[in-house]
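In what follows, a structure is listed as structure tokens, so that the remarks can point back to it.
Protein chains in written order, with this note's numbering: chain A, 1 to 362; chain B, 1001 to 1362.
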């Protein structure tokens, strides 16, 4: 088997955890994994899968310093910094170029920095099986999670025929489906043919380049230019090629058009904690259905309150009295109160904050 | 006319504005009067009514230092500090003793420190009319406010016959009524015979002592002992007499049993801002019915939010998104979220805070 490298995508800058998350402190840097950051937990999860010198983080220039500050022991040489933020396809191409320059036989396991996955051992098995499937140098491997509810916040993978000789739970991908409406999500849920798209991929560099050539030749051209520049150590050309690459996601540019995509059914607990509403994934719930995250020094006091999500940091009390199904977030310089049902629409509020002179808090 | 003295009762320590108010920072010390404290606004209101040397504040030992800190210019000799907190009857007796010791002809206008009253000129007229009525040395004068709604949070005064020769709006008091239930409040409201009890009184010292003798002889004995001790400058005896006085309110001990009580109909705006729900009295409301108090550096951002009450202090944003009829309070070390309909029950939450190890925040 080729050498497996882990590529942790840590360039995301979502606003769905505002005011806990900020431009310079996105979700992957929130202490949501039992006190450590989701990024640190992701690194911990792959520690026994690949050695440190084959563990890479890729992020944008803005987040490079916060990430280094959060991970003082992480080697600078393994942190790939994009010349500028450009969607996931150029990002993945850059990571592939950097890694292939030092290891021509690399197989890449590409994964988001901010997901919760248990147990680690099942994840390791899955990545190794993915690497075996990808070893033909043609197959792009994805991982699908058994839906536990008709979620509308995830993309779905429709499974096709079983892959012969590849063990249980290995299929061709019939189709990728974007986030569905609730009715469609319910149909997906009952059909049994749909898995949540985990956003985790395994592929070799040749397979990736070939799929880019099929899906987006312009992207493929930039990717090849990056690869060659990285091999030569020509940073200037590498940056130029990156900046020329189309701003497009890896899903649109590659996955949805690739000829040979496999999906492995992932038998593990997985959550992308896409908003405060999913906080229970990391905090659990009390007897009244409240999910409470308390940072150091924070004291949440809930009285006659149920179904709420509370996130607090800093030395403060957060008292909820007689309220239901709210999200209440309190950090040093900002407080948010909204119904759980609106927690997925925070971008609307973010716009308002921007227009009302609060851009400094974003 | 005898010399009018103003006695500001500043010993209250309510919890109905928690977490803005605390044991050492009760409502009268909140900056609810256009940036200044309610206590300062009360002093401002009486500045043109009585001279500084006839303006007194009475409070308990715990609040003496916070009040002096809040009013650096107020003369220490005019601040009467109770030897210990004991309800309003001993408090009023102590103030009367202190003042009578320096001015045997004093008439006292006794008023809470934490009410909102406009305009000041109407208030002055009213106090002067009260002093005239009280000049007979027998009449206790109260002030009643025309109800603007069937409030259940105020005591009521039932007006009796008009007082002959005392001008418009002067009546005997038929009865004092405690805070009514809603049905009774509605009956009071439509009857036109009931006024809100403003908690403001005017009387001479002899009239007060005589009424105490009728209503509560034990209290009267202590009051006389305080008066004599104050005249002699015997602080030790004064304190002993105060501590011996029954813990009882001036309403129960005196007003409800006094033979000659008059009420003047107060034609002015009056509110005791009894809880956050009444915050609009000092902040007004925006187009969506939100009442917002923003301290220095606080930025409240409300989006698709109506009917809420927001109180914020310190450098922070308070964002309400898609919520209705909530009270949201955020200060440096505490946040409160509760429905407006529960804002009058905060004592329940305070108990919970106490039992959950948060007594330091009370």
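Note that beta-carbon positions come from the ideal geometry of N, C-alpha and C, so glycine has one too.
Here the structure is a predicted model, which means the values were calculated and not measured.
Beta-carbon gap between residue i and residue j smaller than 7 Å
i, j, result
"residue 1318 (chain B)", "residue 1300 (chain B)", "yes"
"residue 80 (chain A)", "residue 98 (chain A)", "yes"
"residue 1353 (chain B)", "residue 1339 (chain B)", "no"
"residue 1331 (chain B)", "residue 1020 (chain B)", "yes"
"residue 1260 (chain B)", "residue 1215 (chain B)", "no"
"residue 1130 (chain B)", "residue 1202 (chain B)", "yes"
"residue 249 (chain A)", "residue 87 (chain A)", "yes"
"residue 1150 (chain B)", "residue 1185 (chain B)", "yes"
"residue 113 (chain A)", "residue 8 (chain A)", "yes"
"residue 1003 (chain B)", "residue 1134 (chain B)", "no"
"residue 144 (chain A)", "residue 195 (chain A)", "yes"
"residue 1140 (chain B)", "residue 1207 (chain B)", "yes"
"residue 1361 (chain B)", "residue 1334 (chain B)", "yes"
"residue 1049 (chain B)", "residue 1118 (chain B)", "no"
"residue 1054 (chain B)", "residue 1005 (chain B)", "yes"
"residue 176 (chain A)", "residue 267 (chain A)", "no"
"residue 368 (chain A)", "residue 18 (chain A)", "The structure shown does not extend to residue 368 (chain A), since chain A is modelled only from 1 through 362, so no value can be given for it."
Presumed contact (8 Å Cβ cut-off) between residue i and residue j, rounded CB distance
i, j, result
"residue 320 (chain A)", "residue 1337 (chain B)", "5 Å"
"residue 1155 (chain B)", "residue 1178 (chain B)", "6 Å"
"residue 1092 (chain B)", "residue 1173 (chain B)", "With 8 Å as the limit, residue 1092 (chain B) and residue 1173 (chain B) do not qualify as a contact, their Cβ atoms being about 18 Å apart."
"residue 328 (chain A)", "residue 348 (chain A)", "The Cβ separation is near 18 Å, so there is no contact."
"residue 1229 (chain B)", "residue 1210 (chain B)", "Incorrect: roughly 20 Å between the Cβ atoms, too far for contact."
"residue 1011 (chain B)", "residue 1058 (chain B)", "7 Å"
"residue 287 (chain A)", "residue 312 (chain A)", "Between residue 312 (chain A) and residue 287 (chain A) the Cβ distance is about 20 Å, and since that is not below 8 Å, they are no contact."
"residue 1236 (chain B)", "residue 1222 (chain B)", "Actually they are not in contact, since the Cβ atoms of residue 1236 (chain B) and residue 1222 (chain B) sit about 15 Å apart, beyond 8 Å."
"residue 29 (chain A)", "residue 42 (chain A)", "Their Cβ separation, rounded to whole angstroms, is 11 Å, which puts residue 29 (chain A) and residue 42 (chain A) out of contact at 8 Å."
Chain B contact residues for residue i, given Cβ-Cβ distances below 8 Å
i, result
"residue 276 (chain A)", "Within chain B, no residue comes near residue 276 (chain A); the closest Cβ sits about 12 Å away, beyond 8 Å."
"residue 328 (chain A)", "1335 and 1337"
Chain B residues whose Cβ lies nearer than 7 Å to that of residue i
i, result
"residue 352 (chain A)", "1301 and 1303"
"residue 320 (chain A)", "1337"
"residue 342 (chain A)", "1321 and 1322"
Chain-order list of residues whose beta-carbon lies under 7 Å from that of residue i (same chain, five-residue window excluded)
i, result
"residue 180 (chain A)", "152, 156 and 188"
"residue 1193 (chain B)", "1158 and 1159"
"residue 1220 (chain B)", "1209, 1212 and 1213"
"residue 1274 (chain B)", "1016 and 1153"
"residue 258 (chain A)", "140, 211, 214 and 215"
Beta-carbon proximity list for residue i, same chain, < 8 Å, skipping 5 on both sides
i, result
"residue 1062 (chain B)", "1013, 1023, 1024 and 1085"
"residue 224 (chain A)", "209"
"residue 82 (chain A)", "11, 58, 59, 60, 61, 90, 91, 94 and 242"
"residue 1283 (chain B)", "1291, 1292 and 1293"
"residue 1100 (chain B)", "1106, 1205, 1227, 1230 and 1231"
"residue 72 (chain A)", "none"
"residue 1170 (chain B)", "1129, 1133, 1162, 1163, 1262, 1263, 1264 and 1265"
"residue 66 (chain A)", "24, 25 and 29"
"residue 1039 (chain B)", "1008, 1010, 1028, 1029, 1057, 1067, 1070, 1071, 1113 and 1114"
"residue 350 (chain A)", "15, 18 and 362"
"residue 303 (chain A)", "319, 320, 321 and 322"
"residue 341 (chain A)", "325"
Residues near residue i by beta carbon distance below 6 Å, same chain, minus five either side
i, result
"residue 1272 (chain B)", "1115"
"residue 315 (chain A)", "297"
"residue 103 (chain A)", "3"
"residue 1200 (chain B)", "1111 and 1143"
"residue 138 (chain A)", "207 and 260"
"residue 1146 (chain B)", "none"
Residues that residue i contacts on chain A, provided the C-beta gap is smaller than 7 Å
i, result
"residue 1358 (chain B)", "299, 301 and 317"
Residues that residue i contacts on chain A, provided the C-beta gap is smaller than 8 Å
i, result
"residue 1349 (chain B)", "301, 303, 319 and 321"
CB contact check: residue i to chain C, cutoff 7 Å
i, result
"residue 1361 (chain B)", "No chain C appears in the structure shown, which is made up of the protein chains A and B."
- When Cβ atoms are compared, which residues of the region 280-296 of chain A fall closer than 8 Å to chain B? none
- Task: Using a Cβ-Cβ cut-off of less than 9 Å, list which residues of the region 1016-1045 of chain B approach chain A; keep chain order.
- Result: 1018 and 1019
- Message: Can you pull out the residues from the region 1222-1233 of chain B whose beta carbon lies closer than 8 Å to at least one beta carbon of chain A?
- Response: none
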